[in-house]
Amino acid sequence: MTAEPPDAPVPTAAGEAAAGEADVPREAAARLATRSSASALSIPDLAACLEAGLEPVGLVQGFCAMQWAFYGAGSPYLRSASPLSGLPRGAYSEQWACPHGFVSAEHRMWGQNYEQPWVEAAWAQGFGSAFQRMLEEAGDAGAHGVIGVVDTARHLADMNVVEFHVLGTAVVVRDAPPPPGERPWSTYLAGMRLTKLLEAGMMPVSVVAAMVSVRVWASCVTEYLSEGQAYGWGTAGTAEIEQVSRARAAARSLARQRIRDQLGADELHGARAGLDSRELGQGDEVVECTLRGTRVRRFKHVDPLPAPRPTVRLG
Amino acid sequence: MSVPTPPGVPAPGSVPAADVRAELRAGMASLAAPEAPSGAAVTSDLSIDETLLLHSIGWVPVDLVNGVSVYAVPGGVWVWSQGEIAPATEAHQRAVGAAVARLRRECEHVGGAGVVGVEVTIEVHPHHVDVELVGTAVRPAVAPPAGRRGHRGPLPEVFVSDLSARDFVLLHGAGWAPLGLAYGTSFVNVPRRSASTALQQRTQNVELANFTNALYSARESGMERMQETALHLGATGVVAVHVAEGPLSFARHAVQFSAWGTAVTLVADAHQRIAPEVVLSLDDRDIAFAAQSLRGR
Chain A
322 MTAEPPDAPV
332 PTAAGEAAAG
342 EADVPREAAA
352 RLATRSSASA
362 LSIPDLAACL
372 EAGLEPVGLV
382 QGFCAMQWAF
392 YGAGSPYLRS
402 ASPLSGLPRG
412 AYSEQWACPH
422 GFVSAEHRMW
432 GQNYEQPWVE
442 AAWAQGFGSA
452 FQRMLEEAGD
462 AGAHGVIGVV
472 DTARHLADMN
482 VVEFHVLGTA
492 VVVRDAPPPP
502 GERPWSTYLA
512 GMRLTKLLEA
522 GMMPVSVVAA
532 MVSVRVWASC
542 VTEYLSEGQA
552 YGWGTAGTAE
562 IEQVSRARAA
572 ARSLARQRIR
582 DQLGADELHG
592 ARAGLDSREL
602 GQGDEVVECT
612 LRGTRVRRFK
622 HVDPLPAPRP
632 TVRLG
Chain B
734 MSVPTPPGVP
744 APGSVPAADV
754 RAELRAGMAS
764 LAAPEAPSGA
774 AVTSDLSIDE
784 TLLLHSIGWV
794 PVDLVNGVSV
804 YAVPGGVWVW
814 SQGEIAPATE
824 AHQRAVGAAV
834 ARLRRECEHV
844 GGAGVVGVEV
854 TIEVHPHHVD
864 VELVGTAVRP
874 AVAPPAGRRG
884 HRGPLPEVFV
894 SDLSARDFVL
904 LHGAGWAPLG
914 LAYGTSFVNV
924 PRRSASTALQ
934 QRTQNVELAN
944 FTNALYSARE
954 SGMERMQETA
964 LHLGATGVVA
974 VHVAEGPLSF
984 ARHAVQFSAW
994 GTAVTLVADA
1004 HQRIAPEVVL
1014 SLDDRDIAFA
1024 AQSLRGR
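Top line first, the protein sequences correspond to chains A and B.
First residue of the first sequence? That's 322 in my numbering, and the numbers climb one at a time after it.
First residue of the second sequence? That's 734 in my numbering, and the numbers climb one at a time after it.
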């Protein structure tokens, strides 16, 4: 593709207007206005997509660097205050009481698991902005859809900043009407898998993703168990660290619920879940569950495929 | 192929190839249609191949399900001693058991008949064992999940299996059914060598029998426990067994052996023979010859 200097004028007025409306950088609008196309598809995927009538028009991307809010309800700096006071209605929270009574000023008299909506909001804003920018680039290229979407989130340097990057291949379907609301559909799938999805009567609607962050503020029992200590007479054996188990289960369940909220009557296909738990010491930890996949809509009833034929490959 | 075709499932070759371009246009038209009211949305981590394979035997995905458990390991258990480290073994067994039970309950809650493709994540830390199981609940598309029966009697209402959907379909076609996840583990201290033995062996190529014996001891206990859970489920065997063994990073004097797999039983009158078709693919990626050989060098 022809490289344009960053301050080069946008070739067409329409392109400039579109860039202004859609918040697409001028450089991207200029690049997208050229006729050549780029694609992140492998050759087999490209061949399969062309066979299905999907023509690549460009490699579209969106970026967003988000700074994480450090001070929120429940942050370590507000340890003396109840995080419940800062949680929105419906947010997950559970409490654990100390069974010992007053022991010392340092003793953890209570513990809590609570959702961290400000962390989730930062993630949703970062991912959502990058995704939206990618779709805007695709829309400017006249695409009907974006296939083979790949998204990453990584910490920049050692700062409290996360960079979101979403990219995919914009495709058009010749002679087809524009997508509803001129918003291209999108999917993590491409090539043969996408073709099979269509043959199975499912149409991708959109990439969907959700992140849930749960903070474990350890009770004394959780703290002792996490350190391999007994927390009372006759408690020296193995025992479940219930507070941590419930936090991790809650993070996964909440992520699934957040995805469900985005599905309407459609289905989630090819879900990928990731759980990251970071111990902060003495039983405290942060659990973050990320769930992503492709929202698909059934557009026809499909009879089951013939029973598969088992094969043995030679070579 | 000798795999029986379930009722309502077409025979091989009876479904015409679809016009993908027409399917794509029909799919895009569906996006413009008014959205149906929200219902119980299906979520699944299966690939499209796995979804279609399940569909081919009349099963469908229902929901993503998970089971989590974190068990404490008492302090002091990793001190170099002798024999099995019973508290650590107990914590591991109970953590896996609790996670499996929760996974099964979630599957029941969403109306599934079983869980396939379970991703098993087990981490052993000095003071706790973390177990996380994630899979997709599945059920027959037509028949209600309740009342599964084999020729030897009723099967559990809900099964848990770490088989992939492909393996599940093959197992189903062969007349077998998964019953549950069988698992067993053991942590064993490696006996100390005496000072004189250590000195004698220092410059020799020699088997460290104490390590070998500890591994065998852990292996026997772990496998026995896995078989016990399988027998408890009424299984006749365990398939796709995974094994994790070796010393622990934080206790090099201790070895761990863990095994888990899917307990199965025969539900058909006899094993259904799957006669696979032998194919020679033309997409061989290996280039096993040098270019010079083409010129006779």
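We put the CB at the ideal spot given by N, CA and C, even for glycine.
Return the residue from the list SER777(B), ALA915(B), GLU953(B), GLY917(B) that minimises the CA-CA distance to PRO794(B). SER777(B)
Just the C-alpha distance for HIS861(B) and VAL492(A), rounded to the nearest angstrom, thanks. 49 Å
Which of the three DSSP states is assigned to ALA350(A) in this structure? helix
Would you report the Cα separation of PRO924(B) and PHE901(B), rounded to the nearest angstrom? 42 Å
Since VAL784(B) meets chain A, which of its residues come closer than 8 Å, beta carbon to beta carbon? Per the sequence shown, residue 784(B) should be read as Thr rather than Val. Per Cβ cutoff of 8 Å: ALA521, HIS590.
Which listed residue (THR822(B), LEU932(B), ARG899(B)) has its alpha carbon closest to that of ILE790(B): ARG899(B)
Under 8 Å between beta-carbons, which chain B residues line up against ILE562(A)? List them in chain order, please. VAL803, TYR804, ALA805, HIS861
Provide the residue span of the alpha helix (DSSP H) that contains HIS1034(B), from first to last. Residue numbering for chain B in the displayed model covers 734 to 1030; residue 1034(B) lies beyond these limits and cannot be assessed.
Whose Cβ in chain B lies nearer than 8 Å to the Cβ of LEU635(A)? VAL1011, VAL1012, LEU1013, SER1014
Please go through the same chain and pick out, in chain order, the residues whose beta-carbon is closer than 7 Å to the beta-carbon of ASN943(B), but skip the five residues on each side of it. VAL923, PRO924, ARG926
Alpha carbon to alpha carbon, how far is ALA1001(B) from TRP909(B)? 7 Å
Under 8 Å from the C-beta of VAL494(A): neighbouring residues of chain B: LEU757, ARG758, MET761
Name, going along the chain, the residues of the stretch 468-480 of chain A whose beta-carbon falls closer than 7 Å to a beta-carbon of chain B. none
Anything in chain B within Cβ reach of GLU415(A), meaning under 9 Å, just list it in chain order. Near GLU415(A) there are no residues of chain B at all, since even the closest Cβ is about 14 Å away, more than 9 Å.
Would a check of beta-carbon distances place PHE892(B) closer than 7 Å to chain A? no
Between TRP439(A), VAL526(A), ALA350(A), which has its C-alpha nearest MET387(A)'s C-alpha? TRP439(A)
Counting Cβ pairs closer than 8 Å, one from the stretch 420-440 of chain A and one from the stretch 452-469 of chain A, do we hit at least three? no
Establish whether the CB of PRO505(A) and some CB of chain B are separated by less than 7 Å. no
Since ALA947(B) is in the alpha helix (DSSP H), which residue starts that stretch and which ends it? 942-965
Local Cβ density within 10 Å of VAL1011(B), reported as buried at 16 or more and exposed below that: exposed
Please name the residue, chosen from GLU561(A), LEU519(A), TYR545(A), VAL487(A), that lies closest to VAL528(A) on a Cα-to-Cα basis. VAL487(A)
Simplified DSSP assignment, three categories, for ASP587(A): coil
Using the beta-carbon of each residue, which ones in chain A are nearer than 8 Å to VAL775(B)? GLU588, LEU589
Is THR632(A) helix, strand or coil when you go by DSSP? strand
How about GLU817(B): is its C-beta nearer than 7 Å to some C-beta of chain A? no
SER954(B) and SER919(B) closer than 7 Å at C-beta: yes
Please list, in chain order, all residues of the same chain as GLU856(B) whose beta carbon is under 6 Å from its beta carbon, the five residues on each side excluded. ASP863
Measure the C-alpha to C-alpha separation of ALA1008(B) and PRO631(A) and round it to an integer number of angstroms. 7 Å
Can you tell me whether ALA831(B) is helix, strand or coil according to DSSP? helix
Min CB distance ALA570(A) to chain B below 7 Å: yes
Could you name the residues of the same chain whose beta carbon sits closer than 7 Å to that of THR615(A), not counting the 5 residues immediately before and after it, in chain order? THR508, TYR509, LEU510, PRO525, VAL528, HIS590, GLY591
Assign GLU606(A) to one of two classes, buried (16 or more other C-beta atoms within 10 Å of its C-beta) or exposed (fewer than that). buried
Compare the C-beta of PHE620(A) with all C-beta atoms of chain B and state if any pair is closer than 7 Å. yes
Can you give the beta carbon distance from VAL617(A) to ASP587(A), rounded, assuming they're within the 8 Å contact cut? 6 Å
Would you say MET524(A) reaches chain B, if we count a Cβ-Cβ gap shorter than 7 Å as a contact? yes
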